[in-house]
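K.L.:
Please find one structure pasted underneath; my questions will follow.
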Amino acid sequence: MIVPTMADMMAQGKQPEILFWVGAAGSYDDRAKKISRAFVKILHQAKVDFAVLGTEESSTGDAAKRAGNEFLFQMQALMNIEVLNGYEVKKIVTCDPHSFNTLKNEYPSLGGKYKVLHHTQFIQNLIAEGRLEIDNQNLQGKRVTFHDPCYLGRANEVYESPRDLIRRLGVNLTEMKRHKRTALCCGAGGAQMFKDAEAGDKEVNILRTEDALETKPDIIATGCPYCNTMMTDGIKFKEKEDSVIVRDIAELIAQANKL
Amino acid sequence: MKYLLISLFICASYFTSAKNNISIHKIKQNTKDSIPSFKTDLQQKPLEYKVQIGAFKTRNKALEKLRNISIYIDENLYKYRLGEFKTYKAANAYKNVVKKHYPTAFVQALKGGFEIKILDALKQEKGI
Numbered sequence: 604m605i606v607p608t609m610a611d612m613m614a615q616g617k618q619p620e621i622l623f624w625v626g627a628a629g630s631y632d633d634r635a636k637k638i639s640r641a642f643v644k645i646l647h648q649a650k651v652d653f654a655v656l657g658t659e660e661s662s663t664g665d666a667a668k669r670a671g672n673e674f675l676f677q678m679q680a681l682m683n684i685e686v687l688n689g690y691e692v693k694k695i696v697t698c699d700p701h702s703f704n705t706l707k708n709e710y711p712s713l714g715g716k717y718k719v720l721h722h723t724q725f726i727q728n729l730i731a732e733g734r735l736e737i738d739n740q741n742l743q744g745k746r747v748t749f750h751d752p753c754y755l756g757r758a759n760e761v762y763e764s765p766r767d768l769i770r771r772l773g774v775n776l777t778e779m780k781r782h783k784r785t786a787l788c789c790g791a792g793g794a795q796m797f798k799d800a801e802a803g804d805k806e807v808n809i810l811r812t813e814d815a816l817e818t819k820p821d822i823i824a825t826g827c828p829y830c831n832t833m834m835t836d837g838i839k840f841k842e843k844e845d846s847v848i849v850r851d852i853a854e855l856i857a858q859a860n861k862l
Numbered sequence: 000m001k002y003l004l005i006s007l008f009i010c011a012s013y014f015t016s017a018k019n020n021i022s023i024h025k026i027k028q029n030t031k032d033s034i035p036s037f038k039t040d041l042q043q044k045p046l047e048y049k050v051q052i053g054a055f056k057t058r059n060k061a062l063e064k065l066r067n068i069s070i071y072i073d074e075n076l077y078k079y080r081l082g083e084f085k086t087y088k089a090a091n092a093y094k095n096v097v098k099k100h101y102p103t104a105f106v107q108a109l110k111g112g113f114e115i116k117i118l119d120a121l122k123q124e125k126g127i
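The listed protein sequences derive, respectively, from chains A and B.
The numbering used here numbers the first residue of the first sequence as 604 and each following residue consecutively.
The numbering used here numbers the first residue of the second sequence as 0 and each following residue consecutively.
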C-alpha cells in the first residue's frame with residue numbers, strides 16, 4: 604500500500620489534492636489502523652492524489668483541551684499549524700471526528716485555516732463527482748444502525764453524509780431511538796476514553812450499545828475510531844460478538860467494493 | 000598472562016568497533032540563553048539526513064552490530080540511525096529499502112548533530 608508523505612511530495616515539487624490527517628487512533632491503535640487502511644484503499648480506488656504528514660503529524664491537542672489543559676493544547680496546535688502552513692495545506696480529510704472538530708473549529712483562531720472534511724463527506728463528494736462508485740450487492744439486505752459520533756453529529760451537524768453512504772451500500776438502515784440531535788455519546792468523548800468512569804450504575808458505552816441492540820442489527824456502523832472501540836467493547840460485554848459486528852463506514856465501503 | 004589477556008581484549012574491542020563502524024553522538028540540549036547564537040551557528044552547519052530504525056531506553060546490542068550504525072543519545076533514549084545522506088530523496092529511497100526489515104523506520108534531518116524538522120530541511124535544500 605503506497606502512502607506518500609507531504610515531505611515526499613515537496614521533494615518532488617508536487618502539491619497533493621488533500622492531506623489525509625490520520626489522527627492518533629488511526630496511527631497507533633491496531634483496530635483503528637484498519638479504518639485508516641480501508642480509507643487509503645478507497646482513495647487509491649478513486650485515484651485521489653493525497654499525502655499524509657507521517658512522523659510530522661502530532662496530536663491535534665483535542666484530548667488535552669477536553670481534559671482542561673489549554674496550554675498543552677495550544678502548544679500542540681501551534682506545532683501542527685506551523686507544519687501545515689509550511690506545506691501550504693489547503694484541504695484536510697480525516698476519519699476522526701475529534702480531529703475534524705479541532706482542525707475545523709479551533710485551529711482557525713490560532714492561524715490554521717483549512718477546508719476540513721470528515722471522510723464520509725469526502726467520499727460523498729467523490730461519488731457526486733463520479734470518481735467513486737459503491738457496489739450495493741455485497742452487503743445487500745444486512746440490517747445496519749448508525750451511531751452518530753458527538754463531534755461529527757451534534758458538534759458539527761454532519762448527519763446525512765454517513766447515512767447517505769450507508770444507504771448506497773444496499774443495506775437496511777435502521778435508526779436507534781436516540782439518533783441525530785438526540786444521539787447519546789459512546790462514552791469516549793471529552794478524553795473519557797483514557798480514564799476510569801465516574802461512579803454510577805452503568806457505563807455509557809453499555810447504555811449506548813443497548814440502544815443499538817434494540818434495532819436488532821447485523822452491523823453497527825460508526826464514523827469515529829473511538830466510538831468504534833467503545834461500541835465493540837459494549838458488544839463484547841453483551842456477549843453478542845458472534846452476531847453483531849462494529850465497522851467504520853470506510854471499512855464497509857472497502858468491503859462492499861472488495862478492496 | 001594477565002597483560003596478554005587485557006591486550007587481547009582491547010584489540011578485540013577495537014576491531015569489533017571498527018568493523019561495525021559505530022558512531023555515538025550525544026544530542027546537545029539548547030538553552031533559552033543560547034537560542035540566538037545557537038540559531039546563527041546552526042545556519043552554518045551542514046545538513047544531513049539519516050534513517051532512524053529504533054529508539055530504546057536501553058542500549059540495543061543487536062542493532063549495534065549493523066554496519067554504519069549511529070547511536071544518538073537523547074536524554075533517556077538511545078536512537079539508532081543508519082546512513083548519511085545529503086538529500087531527502089536519497090534518504091527516503093534508502094528508508095523504503097530499510098522499511099522491509101524495520102517497518103517503523105523514518106527519515107530524520109540533522110544539522111550539526113541537532114534534530115531539525117523535515118520541512119525546514121526541505122526548505123533549505125530547495126533554497127526557500
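Just so it is clear, CB atoms sit at the ideal spot from N, CA and C, and this is done for glycine as well.
Measure the C-alpha to C-alpha separation of Arg811(A) and Lys861(A) and round it to an integer number of angstroms.
P.N.:
As a first step, residue 811(A) is located in the first sequence; it is residue number 208 there, counting from the start. As a first step, residue 861(A) is located in the first sequence; it is residue number 258 there, counting from the start. Roughly 30 Å between the two C-alpha positions.
K.L.:
Please report whether the beta-carbon of Phe71(B) lies at a distance below 7 Å from any beta-carbon of chain A.
P.N.:
Taking the second sequence and counting its residues from 1, the one referred to as residue 71(B) is at position 72. The question names Phe, yet the displayed sequence has Tyr at residue 71(B). Answer no: the Cβ-Cβ gap between Tyr71(B) and chain A never drops below 7 Å.
K.L.:
Starting from the C-beta of Ser661(A), find all residues in its chain whose C-beta is less than 7 Å away, skip the five residues before and the five after it, and write them out in chain order.
P.N.:
Locating residue 661(A) in the first sequence gives position 58, where the first residue counts as 1. Taken in chain order, the residues that qualify are Gln679, Met682, Asn683.
K.L.:
Report yes or no: is there a C-beta of chain A within less than 7 Å of the C-beta of Tyr87(B)?
P.N.:
Counting from one through the second sequence, the residue named residue 87(B) turns up at place 88. Judged by the 7 Å Cβ criterion, Tyr87(B) is in contact with chain A.
K.L.:
Buried or exposed: where does Ser948(A) fall if 16 or more other Cβ atoms within 10 Å of its Cβ makes it buried?
P.N.:
This structure does not reach residue 948(A), given that chain A is present from 604 up to 862, and the question cannot be answered.
K.L.:
Can a CB atom of chain B be found closer than 7 Å to the CB of Gly689(A)?
P.N.:
What you label residue 689(A) is simply residue 86 of the first sequence in a count that begins at 1. Gly689(A) counts as touching chain B.
K.L.:
Looking at Ile823(A): is its Cβ nearer than 7 Å to the Cβ of Met833(A)?
P.N.:
For the purposes of this step, residue 823(A) is taken as the residue at position 220 of the first sequence. For the purposes of this step, residue 833(A) is taken as the residue at position 230 of the first sequence. For Ile823(A) and Met833(A), no; Cβs fall outside 7 Å.
K.L.:
What does Thr697(A) pair with, by DSSP beta-bridge criteria?
P.N.:
Along the first sequence, read from residue 1 onward, the residue named residue 697(A) stands at position 94. DSSP lists Trp624(A), His721(A) as partners of Thr697(A).
K.L.:
Label Lys650(A) either buried or exposed according to how many other C-beta atoms from any shown protein chain fall within 10 Å of its C-beta, with 16 as the threshold for buried.
P.N.:
Translated into the one-based positions of the first sequence, residue 650(A) becomes position 47. Burial call: exposed.
K.L.:
How close, in whole Å, do the beta carbons of Ile695(A) and Val719(A) come, if the pair is a contact with beta carbons under 8 Å?
P.N.:
Within the first sequence, numbered from 1, the residue matching residue 695(A) stands at position 92. Within the first sequence, numbered from 1, the residue matching residue 719(A) stands at position 116. The Cβ separation is near 5 Å, so the contact holds.
K.L.:
Can you tell me which of the three DSSP states Asn808(A) falls into?
P.N.:
The residue you call residue 808(A) lines up with position 205 of the first sequence. Residue state, collapsed to three classes: helix.
K.L.:
On the premise that Arg669(A) lies in contact with Arg831(A), defined as a C-beta separation below 8 Å, what is that separation, rounded to the nearest angstrom?
P.N.:
Counting from 1 along the first sequence, the entry for residue 831(A) is found at position 228. Counting from 1 along the first sequence, the entry for residue 669(A) is found at position 66. This sequence places Asn at residue 831(A); Arg is not what is there. With 8 Å as the limit, Asn831(A) and Arg669(A) do not qualify as a contact, their Cβ atoms being about 18 Å apart.
K.L.:
Between Ala859(A) and Ile70(B), what straight-line distance do the alpha-carbon atoms span, to the nearest angstrom?
P.N.:
Indexing the first sequence from 1 puts residue 859(A) at position 256. Indexing the second sequence from 1 puts residue 70(B) at position 71. So the alpha carbons of these two residues sit roughly 47 Å apart.
K.L.:
Please report the residue range of the alpha helix (DSSP H) in which Leu675(A) lies.
P.N.:
Here residue 675(A) corresponds to residue number 72 of the first sequence, with the count starting at 1. That run of the alpha helix (DSSP H) goes 673 to 689.
K.L.:
Whole alpha helix (DSSP H) runs in the segment 728 to 786 of chain A with 4 or more residues, listed along the chain?
P.N.:
DSSP runs (the alpha helix (DSSP H)) wholly in the segment 728 to 786 of chain A: 763 to 771.
K.L.:
List, in chain order, every chain B residue whose beta-carbon is nearer than 9 Å to that of Asp611(A).
P.N.:
Start at 1 with the first residue of the first sequence, and residue 611(A) comes out as number 8. Per Cβ cutoff of 9 Å: Tyr87, Lys88, Asn91.
K.L.:
Tell me whether Glu63(B) sits in a helix, a strand or coil according to DSSP, three-state version.
P.N.:
The residue you call residue 63(B) lines up with position 64 of the second sequence. Here Glu63(B) sits in helix by DSSP.
K.L.:
What is the DSSP secondary structure of Leu862(A), reduced to helix, strand or coil?
P.N.:
For this step, residue 862(A) is matched to residue 259 along the first sequence. Leu862(A) falls in the coil class under three-state DSSP.
K.L.:
State yes or no: is the beta carbon of Val625(A) nearer than 7 Å to at least one beta carbon in chain B?
P.N.:
Residue 625(A) sits at position 22 when you count from the first residue of the first sequence. Chain B, which has no Cβ nearer than 7 Å to the Cβ of Val625(A), makes this no.
K.L.:
Which residue comes first and which comes last in the beta strand (DSSP E) that contains Asp73(B)?
P.N.:
What you label residue 73(B) is simply residue 74 of the second sequence in a count that begins at 1. Here the beta strand (DSSP E) through Asp73(B) covers 68 to 73.
K.L.:
Tell me which residue opens and which closes the beta strand (DSSP E) that Phe55(B) is part of.
P.N.:
Within the second sequence, numbered from 1, the residue matching residue 55(B) stands at position 56. Where Phe55(B) is concerned, the enclosing beta strand (DSSP E) stretches over 46 to 55.
K.L.:
Starting from the beta carbon of Phe105(B), find every residue of chain A whose beta carbon is closer than 8 Å, and list them in chain order.
P.N.:
Here residue 105(B) is taken as the residue at index 106 of the second sequence, counted from 1. Within 8 Å Cβ-Cβ: Gly657, Thr658.
K.L.:
Just verifying my parser: in three-state terms, what is the DSSP assignment at Lys841(A)?
P.N.:
In the first sequence, the residue the question calls residue 841(A) occupies position 238. Coil.
K.L.:
Count the CB pairs spanning the segment 636 to 652 of chain A and the segment 846 to 856 of chain A that are closer than 8 Å, and state whether there are at least three.
P.N.:
Touching, yes.
K.L.:
Suppose you measure from the CA of Glu760(A) to the CA of Arg58(B); what does that come to, to the nearest Å?
P.N.:
On the first sequence, residue 760(A) is found 157 positions in, with the first residue counted as 1. On the second sequence, residue 58(B) is found 59 positions in, with the first residue counted as 1. Each residue's alpha carbon lies about 51 Å from the other.
K.L.:
Quick one: give me the first and last residue of the alpha helix (DSSP H) that Gln197(B) is part of.
P.N.:
Any property of residue 197(B) remains undetermined from this structure, which presents chain B solely from 0 to 127.
K.L.:
Only counting the same chain, and skipping five residues up and downstream in sequence, which positions put a Cβ closer than 8 Å to that of Glu620(A)?
P.N.:
Numbered from its first residue, the first sequence carries residue 620(A) at position 17. Here the set comprises Val651, Asp652, Phe653, Lys694.
K.L.:
Excluding five sequence neighbours on each side, which residues of the same chain lie with their C-beta closer than 6 Å to the C-beta of Pro752(A)?
P.N.:
By one-based count along the first sequence, residue 752(A) stands at place 149. Cβ within range, chain order: Pro700, Gly826, Cys827, Cys830.
K.L.:
Which bits of chain A does Ile117(B) rub up against, with CB to CB less than 7 Å?
P.N.:
By one-based count along the second sequence, residue 117(B) stands at place 118. Chain A residues near Ile117(B): Ala610, Glu659.
K.L.:
Using CA atoms only, rank isn't needed, just tell me which of Tyr79(B), Tyr101(B), Glu74(B) is closest to Ile21(B).
P.N.:
In the second sequence, the residue the question calls residue 21(B) occupies position 22. When only C-alpha atoms are compared, the closest one is Tyr79(B).
K.L.:
Do the CB positions of Leu896(A) and Ala666(A) come within less than 7 Å of each other?
P.N.:
An answer regarding residue 896(A) cannot be provided, because it is not within the stretch 604 to 862 covered by chain A.
K.L.:
Along the segment 667 to 692 of chain A, what residues have a CB closer than 7 Å to any CB found in chain B?
P.N.:
Cβ contacts with chain B come from Val686, Gly689, Tyr690.
K.L.:
Rounded to a whole number of angstroms, what is the C-alpha to C-alpha distance between Leu120(B) and Asn91(B)?
P.N.:
The count along the second sequence starts at 1 and reaches residue 120(B) at position 121. The count along the second sequence starts at 1 and reaches residue 91(B) at position 92. It should be pointed out that residue 120(B) corresponds to Ala in this sequence rather than to Leu. Distance between the alpha carbons of Ala120(B) and Asn91(B) is about 13 Å.
K.L.:
Find out if the Cβ-Cβ distance for the pair Gln51(B), Phe105(B) is shorter than 7 Å.
P.N.:
Within the second sequence, numbered from 1, the residue matching residue 51(B) stands at position 52. Within the second sequence, numbered from 1, the residue matching residue 105(B) stands at position 106. Their beta carbons are under 7 Å apart, which means Gln51(B) touches Phe105(B) by this criterion.
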